[in-house]
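For the protein sequence lines, the chains are A and C, in the order given. So the number in the numbering used here is just where the residue sits in the first sequence, counting from 1, plus 117. So the number in the numbering used here is just where the residue sits in the second sequence, counting from 1, plus 117.
Number of protein chains: 2
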Amino acid sequence: MKLSTRTRYGTRLLFELAYNYGNKPVNLGDIARRQSISEKYLSKIIIQLKSAGLVKSERGAKGGYMLSKPPSLINMKEIIEVLEGDALFLDCIKDKAICDMQNMCPTYDFWHGLAEVTNSYLSSKTLQNLIDNYNKKSEKFNLAYYI
Amino acid sequence: MKLSTRTRYGTRLLFELAYNYGNKPVNLGDIARRQSISEKYLSKIIIQLKSAGLVKSERGAKGGYMLSKPPSLINMKEIIEVLEGDALFLDCIKDKAICDMQNMCPTYDFWHGLAEVTNSYLSSKTLQNLIDNYNKKSEKFNLAYYI
DNA sequence: TATATTCTCTACTAAATAGGTCTTATTGGT
DNA sequence: ACCAATAAGACCTATTTAGTAGAGAATATA
C-alpha cells in the first residue's frame, strides 16, 4: 500500500513534461536538478514510460523528452499501471488464473472494494488536472514560477 | 500501490482469529496449513500485531493466539497501518517534517486525495464486516464450512 | 565534418522483503 | 516428573527494489 519511489518519481517526471507540453523537448538533467532526483534513476523510469507510449524522445544536442499526447488525454490510472507494472493492488483481481478462489476467499471482496474506490479516483484524474491544480495553487501562494 | 505480502497474509491471519473469536486460542500451525502460508513468516507478522495490541497469545500446549478485542471493534484501517508500518501511501502526508513543500508540490494534492478515498473506505470496514460478508457468501455458494 | 549534448544500455552495490533453520522458553496432560 | 505441543527468538538465504557508474550511440549546431 505504500507508494513506490518509482511511482512518485514517475508522476513528478510526467508532470514536468506535461507542464512543458507544446514547447521544445526537456532534458532529463534539468528535471533531475529541479526535482532533486537521481538522473540515472529517472532515465530508467522514463524508458518504461516510453515503451508504454506515454512519452517520446529526441536524441542529440537540444534533444530531450516530450509527452506523446496532450496532458488532458493522459489518465493517472494508466500512468500508475505502467509504473507499478500493472499489478495494482492484487494480482488475483486482474488475472483470475492466479487464484480462482474468489468465491470462498474471505478477503477478496474487501480488497476488491478497495481497488474499486482507488481505480475510480485515479480514472477521474488526468495530467491536465494536476496542471490546473498547480496553477491555482501558484496564484494563491504567489509562486511566481515553477519551471 | 501494490499490496505487500505481509499485509495480505496479515489480514487473512486476523480473519481466522476473528472467525474464532470467543473460542479457545488458535495455533499458528493450523492457520498456516489452512491458508497455505509459511508458518515461520506468519509468526513474524503476528508478533507485529501482538505488539500493536490487536492480538494476544498463550504459550505452551493448547496455547495459541486470540484477538484482544471483538472483531467489530477492529478497524481495517488500523490493521493496515500496523502491517504497513504506518506509512500508508505517503510519508509526507503523515508527517510534515519529511517534506514541507505541500504548498508548491505539484503532486501532493493528487496523492492526498487518493489517501483520502482509501482511508475512508478502510475506516468504514471492520473485521466483523469481513465475517458477515463471508457468511453471506458461504450460504450463497453452499460452502458448508470454512474453518 | 567535428563536437558537445543528450539519450540508451549494461553492469554493479545497498537496502528491504519474503522466507527458512535451529534453538529456547512455557505450559497442559499423563 | 516427564513429554508433547506451542510461542518466541536468533540467525541465515534468495529475490526484488532503489540507486550508482560508465561506456556507447545518435544528432543538432557550429
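Note that CB positions come from ideal geometry on N, CA and C, so glycine has one too.
Proximal residues of chain C, C-beta to C-beta of residue i below 8 Å
i: Leu-145(A); result: Those within 8 Å of Leu-145(A) in chain C number zero; the least Cβ separation is about 17 Å.
Residue i to residue j span [Cα, whole Å]
i: Ser-174(C); j: Ile-191(C); result: 17 Å
i: Gln-152(C); j: Asp-226(C); result: 39 Å
i: Ser-189(A); j: Cys-222(A); result: 39 Å
i: Glu-198(C); j: Asp-147(A); result: 37 Å
i: Thr-235(C); j: Thr-124(C); result: 15 Å
i: Leu-131(C); j: Ala-232(A); result: 20 Å
i: Ser-237(A); j: Leu-239(C); result: 16 Å
i: Lys-119(C); j: Lys-253(A); result: 31 Å
i: Glu-195(C); j: Ala-169(C); result: 10 Å
i: Trp-228(A); j: Lys-257(A); result: 38 Å
i: Ile-164(A); j: Arg-176(C); result: 53 Å
i: Thr-243(C); j: Leu-134(C); result: 13 Å
i: Asn-250(A); j: Leu-184(C); result: 44 Å
i: Glu-156(A); j: Ile-162(A); result: 10 Å
i: Lys-167(A); j: Arg-150(A); result: 21 Å
i: Val-143(C); j: Leu-171(C); result: 15 Å
Exposure of residue i, with buried meaning 16 or more beta-carbon neighbours within 10 Å
i: Ala-178(C); result: exposed
i: Asn-137(C); result: buried
i: Tyr-182(A); result: buried
i: Gly-180(A); result: exposed
i: Tyr-262(A); result: With a pLDDT of 49 at Tyr-262(A), under the threshold of 50, the modelled position of this residue cannot be trusted; read the value that follows with caution. Exposed, by the Cβ-count rule.
i: Thr-122(A); result: exposed
i: Arg-272(C); result: Missing from the structure shown is residue 272(C); chain C here goes from 118 to 264 and no further.
i: Gly-127(C); result: buried
Where residue i meets chain C, residues with beta-carbon distance less than 7 Å
i: Tyr-251(A); result: Pro-223
Neighbour list for residue i in chain A, Cβ cutoff strictly below 9 Å
i: Thr-122(C); result: Within chain A, no residue comes near Thr-122(C); the closest Cβ sits about 11 Å away, beyond 9 Å.
Identity of the residues DSSP links to residue i by a beta bridge
i: Met-183(A); result: Lys-173(A)
i: Thr-243(C); result: Asn-192(C)
Contact list for residue i against chain A, beta-carbon separation under 8 Å
i: Lys-167(C); result: Those within 8 Å of Lys-167(C) in chain A number zero; the least Cβ separation is about 20 Å.
What are the residues of the stretch 128-162 of chain C that lie near chain A, defined by any Cβ-Cβ distance shorter than 7 Å? Thr-128, Arg-129, Phe-132
Could you run through the stretch 230-256 of chain A and flag, in chain order, every residue whose CB is less than 9 Å away from some CB of chain C? Gly-230, Leu-231, Glu-233, Val-234, Thr-235, Ser-237, Tyr-238, Leu-239, Lys-242, Asn-246, Leu-247, Ile-248, Asn-250, Tyr-251, Lys-254, Ser-255
Residues, ordered as in the chain, of the stretch 170-181 of chain A that lie near chain C by beta-carbon distance below 7 Å: none
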